[in-house]
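What follows is a short report on a single structure.
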Amino acid sequence: MKALARLYVALIIFFLYAPVLVMIVFSFNESASVWVFQGVSTKWYTGLVTNTAMLNALKHTIIIAVLSAVISTVLGTAAAVGITGLRNKLSKKLLMSVTQIPMMNADIVTGISLMLLFIFIGKLIGLNESLGFFTVLLAHITFNLPYVIMSVLPKLRQTDSKLREAALDLGCSPVQAFFKVILPAISTGVLTGFIMAFTLSLDDFVISYFTCGHYQTLPIIIYNMTKKSVTPDTYALSTIIFVAVFVLLIFYNVLQSKTDKKPAKPIRH
Amino acid sequence: MKNKSLGSKLLSAPYIVWAALFIIVPLIIMLYFALTNEAGVFTLANLSEIGKYKKAFGLSILYAAIATVITLLLAYPMAYFMTKLKISSQRMLLLIVMLPMWMNFLIRTYSWISILANTGIINTFLGKLGLGPVQLMYTPGAVILGMVYDFIPYMILPIYSVMSKLDKSLLEASEDLGANAFVKFKKVILPLTRPGIISGITMVFVPSVSTFYISQKLGGNKTMLIGDAIEYLFNLGVDYYNIASAISMVLMIMILVCLFVMNRFNDDDDGGVVI
Amino acid sequence: MKNLKFRSLSLAIIVCIVSLLFSSCGYEYVDLELRGKYDRSLEGTVLTVYNWGEYISDGSDGTIDVNREFEKLTGIKVNYLTFESNETMFSQVENGGVNYDIVIPSDYMIQRMIKEGMLDEIDTTALSNYDLIADDYKGVYFDPEEKYSVPFNVGMVGIIYNGKYIKDIEHSWNVLWDEKYKDMALNFNNPRDAFMTAQILQGTDLNSTNEKEWEAAAELLKKGKKNLQGYVMDEVYGKMETGEAYIAPYYAGDYLTMVETNPDLKFFYPKEGTNIFIDSACILKSAENKAAAMMYINFLLEPDIATANADYIGYASPNTAVINNKDYYYYGNEILYPKKEDMPPVQYYHDIDEKIRRKYELLWIDIKLY
Chain F
-18 MKALARLYVA LIIFFLYAPV LVMIVFSFNE SASVWVFQGV STKWYTGLVT
32 NTAMLNALKH TIIIAVLSAV ISTVLGTAAA VGITGLRNKL SKKLLMSVTQ
82 IPMMNADIVT GISLMLLFIF IGKLIGLNES LGFFTVLLAH ITFNLPYVIM
132 SVLPKLRQTD SKLREAALDL GCSPVQAFFK VILPAISTGV LTGFIMAFTL
182 SLDDFVISYF TCGHYQTLPI IIYNMTKKSV TPDTYALSTI IFVAVFVLLI
232 FYNVLQSKTD KKPAKPIRH
Chain S
57 MKNKSLGSKL LSAPYIVWAA LFIIVPLIIM LYFALTNEAG VFTLANLSEI
107 GKYKKAFGLS ILYAAIATVI TLLLAYPMAY FMTKLKISSQ RMLLLIVMLP
157 MWMNFLIRTY SWISILANTG IINTFLGKLG LGPVQLMYTP GAVILGMVYD
207 FIPYMILPIY SVMSKLDKSL LEASEDLGAN AFVKFKKVIL PLTRPGIISG
257 ITMVFVPSVS TFYISQKLGG NKTMLIGDAI EYLFNLGVDY YNIASAISMV
307 LMIMILVCLF VMNRFNDDDD GGVVI
Chain D
6 MKNLKFRSLS LAIIVCIVSL LFSSCGYEYV DLELRGKYDR SLEGTVLTVY
56 NWGEYISDGS DGTIDVNREF EKLTGIKVNY LTFESNETMF SQVENGGVNY
106 DIVIPSDYMI QRMIKEGMLD EIDTTALSNY DLIADDYKGV YFDPEEKYSV
156 PFNVGMVGII YNGKYIKDIE HSWNVLWDEK YKDMALNFNN PRDAFMTAQI
206 LQGTDLNSTN EKEWEAAAEL LKKGKKNLQG YVMDEVYGKM ETGEAYIAPY
256 YAGDYLTMVE TNPDLKFFYP KEGTNIFIDS ACILKSAENK AAAMMYINFL
306 LEPDIATANA DYIGYASPNT AVINNKDYYY YGNEILYPKK EDMPPVQYYH
356 DIDEKIRRKY ELLWIDIKLY
């Protein structure tokens, strides 16, 4: 039974990693094919340096991911603290329901509705071009916010509200109380929210597809590439990202395992 | 105390404005498009047009449902076996399950072509064994496989996270009371892990039913799921924004109704949060 | 503490990746012989060009990088973007979400864009290289007064097949419906071209205004669907080059590119006839940098540049400096420049009235859902 269970787990892992393996192998392909292997070469890796379109897209992706994660973390944490303090049950419930819309809704609907808004506003203020850096940033912040709020809220609920009052009684200003008492207590939630936001932004394709205009991110470039023939350089870049994330996660896990005993929270795509 | 409430309002105010502007207003604009014609005149014509797309809706729901069931059947034992391992191995496995999610899903999907194509890895291997090529790509099966593959982590993780918190004493109690493995599963484990199953189902079903990439790449552009139809219409030009918005609204309402029904099955009322 | 370490680690990785972005690139500029005069009066401005995918010489494998050469010459930054069908291009330009200066659509789409008032007039007398365009391609039906477009490429649709697996083939559109090639044949993933394959077989006009004829073509396409491996656009490259599919209709120029990779590939023009098209450069009314656009269009006509593009793209050129250039890679190529007696019957696409256009655009969904 135990052996069977192990075999099962191994099979699922194989299923999860088969395409990743294929990607890594073909990134070292001598020929330009991602189907037929013709000898080992690292030319796709060295060739990446001159692929300005792809590197520009990578730059855009990182800029958007960092900015949207930072802004949504700040805005979302403030919102979570605010929501917890709201006394009107109805408005609280309403706000929570609205917050969940981008999480629950199909990405394609979110993307299109935002595109319609941006084009509408663009026309309204007479812009020649309404989509670009700012719209894709706004869109990313919008779909990141709920995830930040949802990971901070439970931590806030666990935090004793008396802590804040105690801090105030001891002469802290509300701002001081927030930074000295509340923030440390919810820091793991804030960090989880930040990482989630960063990850979601990095990988988002559908919403960026409708809102990015000329400011193309990596998933958009990859989508355009898969419309013709994908060459191994795309695989090479993905392999580099994969290894980077792998190393990052291993470190994070090792560090976290020393203190935290809780399993990681699931992330929705 | 009054001061606190004011502070809360001030803190949540930016977000409330944000949510109104970027969540509510876009949907209102979409609704406006859905209920008007190209000239901006109110009409219900778009809604009656939607009947023409019922096959696309039907196919999307069918494929997504099959993919969700397969994902559940694969993920549930996986999550169960994971909880049986040492804590350190569990942590490692969790990492392994999550890692592919950090990679671009377009590339991961595309890699399946290398495996499934007529000239791909499986068929090359079969060819070496003297077996004829099997048509694996460009079939409904390939599309469903793509959905299962892309979204299975979203099923494993919530089920695992519920399962790992199961109270072991309950299981022992049921064994003491003479329950066999099947009864134990049906009466104890399954009901207790239901919240995980439900959030897993929603997290797999929603992206599957609205996808427009998987069906194009793995299905050889031969079908038109509802996501493909929306994308196609939007790319034809402004003339089609009205009908495409109407289809999007229906898709959204359908998804929200599904989620609402799913949540009814979920006793765990945590403020309506599905995750 | 752990968070700090984690953060500094992620920062380090990000810094590594970003520093990669600013490393230099290894393109070597060439000495161009130029007919026109180019100055740097517009230095620092941006020109946005929206063109078909794989439709410009980009510096790969020792070719000329047209955009980079233009940037070096004029100091104008070229923002170069690609589309995969006329319809996608149209919707992008129409909704106003993004701005372009130059677009390079096909004939019927230019006709539509002129009708919708989207194109700006081009003063061809201000283009010093306009005289290089062959007379055959001047003042064609979609722009009879030569006011809106400057021809870039000319092409015809034919059928590509893999000679390794198919020895004998009927030179007809019928092959796409032939059960011998079940699961191995492809068709276009855009309605206009896909409908063409059926319309020519049925002998109907490609620009028919009779809804019944479009419905009949749709029926034929539905019948053929189970035979197809899929509908593709530029994905056809990978599929034909690797032998994943055996037969595909596509543009002749792309065949010439594919055969460089897979010499087994063969090509013919179906005897029933085919579509001929002209892709021309146009300037949008909404263009922000019209002066730079004029400069760029003139640059595309430069003999050196036009030849580099024609060599790279593999489509037929309307530029006499290319056609008559003995060093041109496809000089006298019989597929691109067939002799009069080898020329199949050809038809252009015209802009069709809105009702018919909507008809076939929606019939396409029926075909996909069949």
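Protein chains in written order, with my numbering: chain F, -18 to 250; chain S, 57 to 331; chain D, 6 to 375. All C-beta atoms in this analysis are idealised placements derived from N, C-alpha and C, irrespective of residue type, glycine included. Note that the structure is predicted; figures quoted are calculated from it, not measured.
- Task: Out of S/ILE299, S/SER170, S/ASP232, state which residue places its alpha-carbon closest to the alpha-carbon of F/ALA(-1).
- Result: Along the first sequence, one-based indexing puts residue -1 of chain F at 18. With distances taken between Cα atoms, F/ALA(-1) lies closest to S/SER170.
- Alpha carbon to alpha carbon, what distance is there between S/VAL244 and F/ASN69? Taking the first sequence and counting its residues from 1, one reaches residue 69 of chain F at position 88. Taking the second sequence and counting its residues from 1, one reaches residue 244 of chain S at position 188. Distance between the alpha carbons of F/ASN69 and S/VAL244 is about 38 Å.
- Task: Would you mind stating whether D/ASP112 and D/VAL162 have Cβ atoms separated by less than 8 Å?
- Result: Along the third sequence, read from residue 1 onward, the residue named residue 112 of chain D stands at position 107. Along the third sequence, read from residue 1 onward, the residue named residue 162 of chain D stands at position 157. The answer is no: Cβ separation not under 8 Å.
- Local conformation of S/GLY63 per DSSP, three classes: For the purposes of this step, residue 63 of chain S is identified with residue 7 of the second sequence, where counting begins at 1. Here S/GLY63 carries a helix assignment [DSSP, helix/strand/coil].
- Item | For D/PRO156, the residue or residues it bridges with in DSSP | For the purposes of this step, residue 156 of chain D is taken as residue 151 along the third sequence, with counting starting at 1. Paired residue(s): D/SER285.
- Query: Considering only residues of the same chain and omitting the five flanking positions on each side of F/GLY57, which have a CB-CB separation below 7 Å?
  - Reply: Here residue 57 of chain F refers to the residue found at position 76 of the first sequence. Around F/GLY57, the same chain offers LEU126, VAL129, ILE130, VAL133, GLY174 as residues with beta carbons nearer than 7 Å, after the five sequence neighbours per side are excluded.
- Task: Using a Cβ-Cβ cut-off of less than 8 Å, give me the residues of the stretch 221 to 250 of chain D that come near chain F, in sequence order.
- Result: MET238, ASP239, GLU240, TYR242, GLY243, GLU246, THR247, GLU249
- Query: Can you find a CB in chain D that lies within less than 8 Å of the CB of F/HIS195?
  - Reply: Here residue 195 of chain F refers to the residue found at position 214 of the first sequence. By this cut-off, F/HIS195 is an interface position.
- Residue-level contact to chain C via CB, D/ILE370, 8 Å cutoff: Absence of chain C from the displayed structure is noted, the protein chains being F, S and D.
- Where the stretch 276 to 297 of chain S meets chain D: residues whose CB sits under 9 Å from a CB there: GLY276, ASN277, LYS278, THR279, MET280, ASP284, ALA285, TYR288, LEU289, PHE290, ASN291, LEU292, GLY293, VAL294, ASP295, TYR296, TYR297
- Buried versus exposed, by CB contacts within 10 Å (16 or more), S/LEU187: As a working mapping, residue 187 of chain S is identified with position 131 in the second sequence. Counting Cβ neighbours within 10 Å, S/LEU187 comes out exposed, since fewer than 16 surround it.
- Buried or exposed by the 16-neighbour rule on C-beta atoms within 10 Å, applied to D/THR130: Here residue 130 of chain D refers to the residue found at position 125 of the third sequence. With fewer than 16 other Cβ atoms inside 10 Å of its own Cβ, D/THR130 counts as exposed.
- Residues of the stretch 100 to 124 of chain S with Cβ closer than 9 Å to any Cβ of chain D, in chain order: LYS108, TYR109, LYS111, ALA112, LEU115
- Task: For chain D, find out if any of its Cβ atoms is closer than 8 Å to the Cβ of F/LYS246; answer yes or no.
- Result: Here residue 246 of chain F corresponds to residue number 265 of the first sequence, with the count starting at 1. Reliability fails at F/LYS246, whose pLDDT of 47 lies under 50, so the model's placement of it is uncertain and no value is given.
- By Cβ distance, which residues of its chain are closer than 6 Å to S/ASN179, with the 5 residues on each side in sequence left out? Taking the first residue of the second sequence as 1, we reach residue 179 of chain S at position 123. Closer than 6 Å at Cβ, skipping near neighbours: PRO189.
- Message: Any beta carbon from chain D within less than 8 Å of F/GLU11's own beta carbon?
- Response: On the first sequence, position 30 is the one that residue 11 of chain F refers to. No, F/GLU11 lies away from the interface with chain D (no Cβ there is under 8 Å from its Cβ).
- In the DSSP assignment, find the unbroken alpha helix (DSSP H) run with F/GLY92 in it and report its ends. Here residue 92 of chain F corresponds to residue number 111 of the first sequence, with the count starting at 1. Here the alpha helix (DSSP H) through F/GLY92 covers 88 to 105.
- Query: If the cut is a Cβ gap below 7 Å, which residues of chain S does F/ASN86 touch?
  - Reply: Start at 1 with the first residue of the first sequence, and residue 86 of chain F comes out as number 105. What F/ASN86 touches in chain S: MET308, ILE311.
- Along the stretch 16 to 37 of chain F, what residues have a CB closer than 7 Å to any CB found in chain D? TRP16, VAL17, VAL30, THR31, THR33, LEU36
- Item | Nearest neighbour of F/VAL211, chosen from D/GLU184, D/GLY235, D/GLU240, D/ASN232 [CA to CA] | Indexing the first sequence from 1 puts residue 211 of chain F at position 230. Checked all of D/GLU184, D/GLY235, D/GLU240, D/ASN232; the closest Cα to F/VAL211 is D/GLU240.
- Ordered list of alpha helix (DSSP H) runs contained in the stretch 50 to 116 of chain D, each at least 4 residues: 71 to 79, 91 to 99
- Query: Taking C-alpha atoms, which residue in S/LEU129, S/MET280, S/CYS314, S/VAL97 lies nearest to S/PHE268?
  - Reply: The residue labelled residue 268 of chain S in the question sits at position 212 within the second sequence. That would be S/MET280, whose Cα lies nearest to the Cα of S/PHE268.
- Item | Inside the stretch 59 to 112 of chain S only - alpha helix (DSSP H) runs reaching at least 4 residues | Segments of the alpha helix (DSSP H) lying fully in the stretch 59 to 112 of chain S: 81 to 90, 101 to 105.
- Nearest-angstrom Cα separation, counted from D/GLY208 out to D/GLU99: In the third sequence, residue 99 of chain D corresponds to position 94, counting from 1. In the third sequence, residue 208 of chain D corresponds to position 203, counting from 1. Straight-line Cα distance between these residues: approximately 34 Å.
- Hey, would you say F/LEU48 sits closer than 8 Å to F/LEU118, going by beta carbons? Stepping through the first sequence from its first residue, residue 48 of chain F is reached at position 67. Stepping through the first sequence from its first residue, residue 118 of chain F is reached at position 137. Yes, Cβ-Cβ distance for F/LEU48 and F/LEU118 is below 8 Å.
- Message: Three or more C-beta pairs under 8 Å: does that hold for the stretch 234 to 250 of chain S against the stretch 296 to 305 of chain S?
- Response: no
- Please name the residue in D/ASP188, D/GLY64, D/PRO350 whose C-alpha comes closest to that of D/GLY278. Along the third sequence, read from residue 1 onward, the residue named residue 278 of chain D stands at position 273. Closest option to D/GLY278, Cα to Cα, is D/PRO350.
- Message: Is F/LYS40 close to chain S? Criterion is C-beta to C-beta, closer than 8 Å.
- Response: In the first sequence, the residue the question calls residue 40 of chain F occupies position 59. F/LYS40 does not count as touching chain S.
- Using the beta-carbon count (16 or more within 10 Å), is F/VAL226 buried or exposed? Walking along the first sequence from the start, residue 226 of chain F turns up at place 245. Around the beta carbon of F/VAL226, 16 or more other beta carbons sit within 10 angstroms, so the residue counts as buried.
- Anyone know if the C-beta pair for F/VAL21 and F/PHE223 falls short of 8 Å? In the first sequence, counting from the first residue as 1, residue 21 of chain F sits at position 40. In the first sequence, counting from the first residue as 1, residue 223 of chain F sits at position 242. Not in contact: F/VAL21 and F/PHE223 (Cβ atoms no closer than 8 Å).
- Message: At a CB distance below 8 Å, what residues from the stretch 146 to 165 of chain F approach chain S? Give them in sequence order.
- Response: PRO155
- Message: Between the alpha carbons of D/TYR255 and D/ILE164, how many angstroms are there, rounded?
- Response: For this step, residue 255 of chain D is matched to residue 250 along the third sequence. For this step, residue 164 of chain D is matched to residue 159 along the third sequence. So the alpha carbons of these two residues sit roughly 6 Å apart.
- Applying the criterion that 16 or more other CB atoms from any shown protein chain within 10 Å of the CB defines a buried residue, is F/LEU75 buried or exposed? Translated into the one-based positions of the first sequence, residue 75 of chain F becomes position 94. Exposed, since its Cβ has fewer than 16 Cβ neighbours within 10 Å.
- Item | Where D/LYS143 falls: helix, strand or coil (DSSP) | Residue numbering aside, residue 143 of chain D sits at position 138 when the third sequence is read from its first letter. It is coil, neither helix nor strand.
- Item | Length at least 4, wholly inside the stretch 239 to 310 of chain D: the alpha helix (DSSP H) runs in chain order | 241 to 247, 257 to 266, 295 to 306
- Short CB-CB distance (under 8 Å) between F/ASN234 and chain S: Position 253 of the first sequence, counted from the first residue, corresponds to residue 234 of chain F. Answer yes: the Cβ-Cβ gap between F/ASN234 and chain S drops below 8 Å somewhere.
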